[in-house]
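Student:
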Amino acid sequence: MKQLRVRLLLWVLVPMTVVLALMAGLSLENARNTALLVQDRGLLASAEVMAGQVRWQEERLSAETPPAALQMFASRERDRVYFRVRATPGELLAGWPDLPDGVAPDNGAPLYSNVQYRGNDLRMVTLMRRVYRDGRTITVSVSVAESRNAFHHLIDTLWRPILLQESVLLALALALMIVGLTLELRPLLLLRRDLQARAADDLMPLETVQLQRELQPIVETINQYATRLTAQVNIQKRFVADAAHQLRTPVALMSTQLDYAAHLAVGSELKETLRAVRACARRLKDLINQLLSLSHAEAARGTNLPRQNVSLLELAQQVLVDLSLLADDKGIDLGLSSTSADVSVMSYPTLIHALLFNLVDNAVRYTPRGGNVTVHAGLAGTSAILQVDDTGPGIPDALKPHVFERFSRGNVSDNNGFGLGLAIVSEAAKACGGVVELSSRSDGAGLSAVVRLPIGQT
Amino acid sequence: MKLLLVEDNLEFALWLSKALQAERFTVECVHDGSTAIHRIEQSQYDLLLLDLRLPGMDGRNVLRSIRRRRNDMPVLVVTANASVDVKVDCLDHGADDYVGKPFELRELVARIKALIRRHGRSSQSLVQCADLQFDLDTHQFRAAGLPLELTLREHDVLETLMLRQGKTVTKAQLMVKVFDLGSEASENAIETYVHRLRRKLAGSQARILTLRGLGYLLRDADATT
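Top line first, the protein sequences correspond to chains Z and W.
Numbering of the first sequence is given in the numbering used here, commencing with residue 234 and proceeding in unit increments.
Numbering of the second sequence is given in the numbering used here, commencing with residue 83 and proceeding in unit increments.
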């Protein structure tokens with residue numbers, strides 16, 4: 234998610250920054266050239282005025298520095314101006330004698346140079362003029378130098394607005410991209426939330442309505458994949474049911490053979506062995522029935538099979554009778570709560586029976602000898618409830634999320650169950666539109682399993 | 083007692099016949115629907131054991147055909163298809179009871195006997211729970227073959243439980259059966275009788291179970307749920 238944003242930003246912002254930096258560099262160069270031109274012109278004009286003032290006075294050359302020549306430089310930036318007028322060779326006519334030398338070409342073109350003087354960076358122009366007198370030619374060099382405050386100021390004035398414009402442009406692009414990406418990615422985020430909120434086995438198609446057209450094919454592909462997956466899952470489920478079904482006949486045959494063998498057996502050891510094999514056959518039968526019960530519950534979900542009126546109190550009695558022998562064998566006091574009331578729900582009788590049977594069966598199996606298991610049927614608010622309380626060890630919080638998975642067992646030391654009971658409970662509850670909650674009993678004495686079922690129209 | 087077994091799985095038919103014969107039934111075995119109907123027309127049976135999935139004419143059609151001929155022999159359906167819909171379907175078509183494969187032979191035998199008795203074709207007047215027998219004519223109990231010595235009230239309690247075996251009987255219901263109207267008896271007395279009965283049945287496969295809040299019930303200790 235974040236990755237996409239960063240990558241898009243990189244793709245757009247890095248090239249854009251490079252281009253803008255180049256443009257900034259170019260405009261800086263431009264500004265510098267312009268400023269240089271302006272300074273050079275000023276210097277040249279000033280030097281020419283000074284050169285024009287060099288004349289003969291009483292056999293010797295004299296130079297005057299007219300205020301106008303220097304006033305040209307009176308700038309706000311308080312630039313320092315130095316000058317020197319010199320007649321070759323070496324005769325100083327006016328100005329600062331130690332100003333660095335510059336040799337201008339003879340053809341009268343000015344020489345521009347950058348010099349260091351008294352700790353200042355200066356721009357200097359040197360001009361050569363020939364003065365004739367009595368057949369003598371004397372070359373006069375005029376140098377005018379100026380510090381560079383005004384120059385730098387001009388560059389700043391020219392360049393800064395451009396830099397500002399470009400920075401604003403960059404910031405705007407960044408802001409627009411972040412806002413745009415956030416807004417445009419919102420449907421995707423919604424899609425993600427939708428997917429996260431789903432039950433693990435929910436393979437219903439995803440909504441494509443809010444998505445951009447470019448993303449719709451992706452979601453449609455996912456949906457097609459989910460459809461294929463659903464078909465595959467259904468084949469698997471049917472396979473389990475079919476396999477369990479196919480096992481019934483051979484197991485029935487084996488049980489019958491064992492029953493017959495029990496009549497013939499003589500030795501006590503043989504009888505003992507036969508009894509053990511028969512117990513195995515029974516466990517096999519139980520497993521087959523559990524598997525069928527599970528796939529029956531799975532298949533019922535999402536279908537619109539006709540519902541029937543189920544009396545929860547009758548159902549509870551039936552389940553208690555079914556499990557009375559097991560409870561008696563384990564020395565467990567099994568019973569119906571005295572506050573139970575008769576509530577009827579519109580639902581699937583076999584599924585609700587499987588649901589309660591497995592809850593009570595589990596409770597009886599996991600409760601230690603001498604404990605008790607109590608079933609309660611009644612109303613709670615607008616839903617019907619079936620509740621099974623036991624005095625067993627309960628389920629540690631860490632294991633709770635897993636107890637509804639197939640072949641998982643809360644208590645590993647037990648080897649009588651198949652670990653399918655709570656999976657059936659969960660599937661059956663879902664198929665009936667109910668909810669199962671496992672919690673520690675308020676008195677801390679064991680587990681309390683509560684199933685809430687919708688009552689439905691009767 | 084003579085049974086007709088209709089089962090297309092030859093191996094299963096063979097072993098089920100053997101096992102039922104060991105339980106002292108006379109068993110005749112056929113493997114398809116039309117032969118079954120043929121046999122029923124020619125001979126008299128106490129009960130029909132019918133598999134639903136048969137080659138050719140299937141179990142449901144056999145059932146329909148029998149009932150159309152106004153033959154009301156008891157029919158017990160035995161099938162590997164245990165879904166409720168099939169169960170309801172069978173009972174609608176005139177079956178008397180239904181057992182899903184795999185089953186316990188004991189359970190099958192108990193159901194066969196119950197059906198035959200209900201139908202009144204057998205002179206048998208014995209009610210049975212595992213190895214506990216109750217003779218409806220002589221009102222005698224036998225456990226594991228031996229007569230059971232019971233006081234009058236113990237007898238009344240056990241008889242009530244025996245006749246409603248597999249179902250719960252409340253203490254109040256037992257009080258009505260055991261004591262005269264208006265007698266000054268408490269529910270504790272019932273507990274005492276049940277306690278004594280349990281001791282006397284200790285060697286038997288029949289067991290009296292307690293379900294808190296519901297009452298007592300008599301069950302075969304070897305049966306599975």
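In this text, a Cβ means the ideal position worked out from N, Cα and C, and glycines have one as well.
As the structure is a prediction and not an experimental result, all values here were calculated from the model.
1. Under the assumption that residue 491 of chain Z contacts residue 507 of chain Z (Cβ atoms under 8 angstroms), give the Cβ distance between them as a whole number of angstroms.
2. Is it the case that the segment 477-491 of chain Z contacts the segment 176-188 of chain W, given that we only count it when at least three CB pairs across the two stretches are under 8 angstroms?
3. Measuring only the C-alpha atoms, how far is residue 297 of chain W from residue 253 of chain W?
4. Report yes or no: do three or more beta-carbon pairs, one from the segment 604-615 of chain Z and one from the segment 552-565 of chain Z, lie closer than 8 angstroms?
5. By a C-beta neighbour count over all protein chains shown, 10 Å radius and 16 as the cutoff for buried, is residue 656 of chain Z buried or exposed?
6. Below 8 angstroms on the Cβ atoms is my contact criterion, and I expect residue 356 of chain Z with residue 236 of chain Z to pass it. Report the Cβ-Cβ distance as a whole number of Å.
7. Please confirm if residue 640 of chain Z has its CB atom under 8 angstroms from at least one CB of chain W.
8. Nearest CA to the CA of residue 291 of chain Z: which residue from Z/310, Z/252 and Z/366?
9. Note down the Cα distance separating residue 272 of chain W from residue 283 of chain W, rounded to an integer number of angstroms.
10. From the DSSP secondary-structure annotation, give me the bridge partner or partners of residue 669 of chain Z.
11. Measure from the alpha carbon of residue 639 of chain Z to the alpha carbon of each residue in Z/252, Z/354, Z/523 and Z/407, then state which is nearest.
12. If we ignore side chains and look at the alpha-carbon of each, how far apart do residue 393 of chain Z and residue 385 of chain Z end up?
13. Counting only Cβ pairs nearer than 7 angstroms, list the residues of chain W close to residue 561 of chain Z.
14. On a CA-only basis, which of Z/520, Z/505 and Z/424 is nearest residue 591 of chain Z? Give me that one, please.
15. Taking Cβ positions only, does residue 108 of chain W come closer than 8 angstroms to chain Z?
16. Using 8 angstroms as the threshold, is the segment 111-129 of chain W in touch with the segment 145-163 of chain W, meaning 3 or more CB pairs across them?
17. Helix, strand or coil: which one does DSSP assign to residue 86 of chain W?
18. Using 8 angstroms as the threshold, is the segment 315-334 of chain Z in touch with the segment 371-384 of chain Z, meaning 3 or more CB pairs across them?
19. Which chain Z residues are close to residue 294 of chain W, counting only those with a beta carbon under 8 angstroms from its beta carbon?
20. How is residue 371 of chain Z classed by DSSP in three states: helix, strand or coil?
21. List, in chain order, every chain Z residue whose beta-carbon is nearer than 7 angstroms to that of residue 100 of chain W.
22. By Cβ distance below 7 angstroms, which residues in the same chain neighbour residue 533 of chain Z in space, the five residues on each side in sequence not counted?
23. Are the C-beta of residue 248 of chain W and some C-beta of chain Z separated by less than 8 angstroms?
24. Considering only the alpha carbon of each residue, which of Z/255, Z/462, Z/418 and Z/395 lies closest to residue 447 of chain Z?
25. Can you pull the chain W residues whose beta carbon is under 7 angstroms from the beta carbon of residue 653 of chain Z, in chain order?
26. Measure the Cβ-Cβ separation of residue 293 of chain W and residue 243 of chain W and say whether it is below 8 angstroms.
27. Taking the straight line between their C-alpha atoms, what separation do you get for residue 603 of chain Z and residue 576 of chain Z?
28. Give me, in chain order, the residues of the same chain whose beta-carbon lies closer than 6 angstroms to that of residue 269 of chain W; leave out the 5 immediate sequence neighbours on both sides.
29. Which residues, in order along the segment 252-266 of chain W, keep a beta-carbon less than 8 angstroms from a beta-carbon of chain Z?
30. Pick out the complete alpha helix (DSSP H) segments inside the segment 225-294 of chain W, 4 residues or longer, and give them in chain order.
31. Shortest alpha-carbon distance to residue 234 of chain W belongs to which of W/222, W/93 and W/170?
32. Output the residue ranges of the beta strand (DSSP E) runs that lie fully inside the segment 521-552 of chain Z and measure 3 residues or longer, sorted by chain position.
33. Given a cut-off of 8 angstroms, decide if residue 191 of chain W and residue 245 of chain W are closer than it, judged by their beta-carbon atoms.
34. Which of the three DSSP states is assigned to residue 317 of chain Z in this structure?
35. Could you list which residues in chain W have their beta carbon closer than 7 angstroms to that of residue 486 of chain Z, in chain order?
36. For the segment 257-317 of chain Z, which segments carrying the alpha helix (DSSP H) assignment without a break, of at least 4 residues, lie completely within its bounds, in sequence order?
Tutor: Here's the rundown:
1. About 6 angstroms; that satisfies the 8 angstroms criterion.
2. Cβ pair count under 8 angstroms is three or more, so yes.
3. If I take the Cα positions, the gap works out to 6 angstroms.
4. Touching, yes.
5. By the neighbour-count rule (16 or more Cβ atoms within 10 Å), residue 656 of chain Z is buried.
6. Between residue 236 of chain Z and residue 356 of chain Z the Cβ distance is about 54 angstroms, and since that is not below 8 angstroms, they are no contact.
7. Chain W contact via Cβ: absent.
8. Of the candidates Z/310, Z/252 and Z/366, the one whose C-alpha sits nearest the C-alpha of residue 291 of chain Z is Z/366.
9. If you take the alpha carbons of residue 272 of chain W and residue 283 of chain W, they lie about 16 angstroms apart.
10. Residue 669 of chain Z pairs with Z/684.
11. Checking every option, the nearest Cα to that of residue 639 of chain Z belongs to Z/523.
12. Going from the Cα of residue 393 of chain Z to the Cα of residue 385 of chain Z covers about 12 angstroms.
13. Close to residue 561 of chain Z, with beta-carbon spacing below 7 angstroms, are these residues of chain W in chain order: 289 and 291.
14. In terms of Cα proximity to residue 591 of chain Z, the closest of Z/520, Z/505 and Z/424 is Z/520.
15. By the rule that beta-carbons nearer than 8 angstroms mark a contact, residue 108 of chain W does not touch chain Z.
16. With the cut-off at 8 angstroms, the segment 111-129 of chain W and the segment 145-163 of chain W touch.
17. Looking at residue 86 of chain W - three-state DSSP - the assignment turns out to be strand.
18. The segment 315-334 of chain Z is in contact with the segment 371-384 of chain Z.
19. Chain Z residues near residue 294 of chain W: 566, 567, 568, 569, 605 and 607.
20. In this structure, residue 371 of chain Z counts as strand in the three-state DSSP scheme.
21. By Cβ distance, chain Z contributes 493.
22. Taken in chain order, the residues that qualify are 581, 584 and 664.
23. So yes, residue 248 of chain W belongs to the interface.
24. Selection Z/255, Z/462, Z/418 and Z/395 evaluated against residue 447 of chain Z yields Z/418 as nearest (Cα-Cα).
25. Chain-ordered listing is empty here: chain W has no CB closer than 7 angstroms to the CB of residue 653 of chain Z, the nearest sitting near 15 angstroms.
26. Cβ atoms of residue 293 of chain W and residue 243 of chain W: not closer than 8 angstroms.
27. Cα-Cα distance, rounded: 30 angstroms.
28. Here the set comprises 253.
29. Residues passing the 8 angstroms Cβ filter: none.
30. Runs of the alpha helix (DSSP H) inside the segment 225-294 of chain W: 234-245, 253-260 and 269-282.
31. Nearest C-alpha to residue 234 of chain W among W/222, W/93 and W/170: W/222.
32. Listed in chain order, they are 541-544.
33. Going by C-beta atoms, residue 245 of chain W is not nearer than 8 angstroms to residue 191 of chain W.
34. Of the three classes helix, strand and coil, the one that applies to residue 317 of chain Z here is strand, per DSSP.
35. Within chain W, the residues near residue 486 of chain Z are 93, 94 and 97.
36. Here the runs fully enclosed are 300-304.
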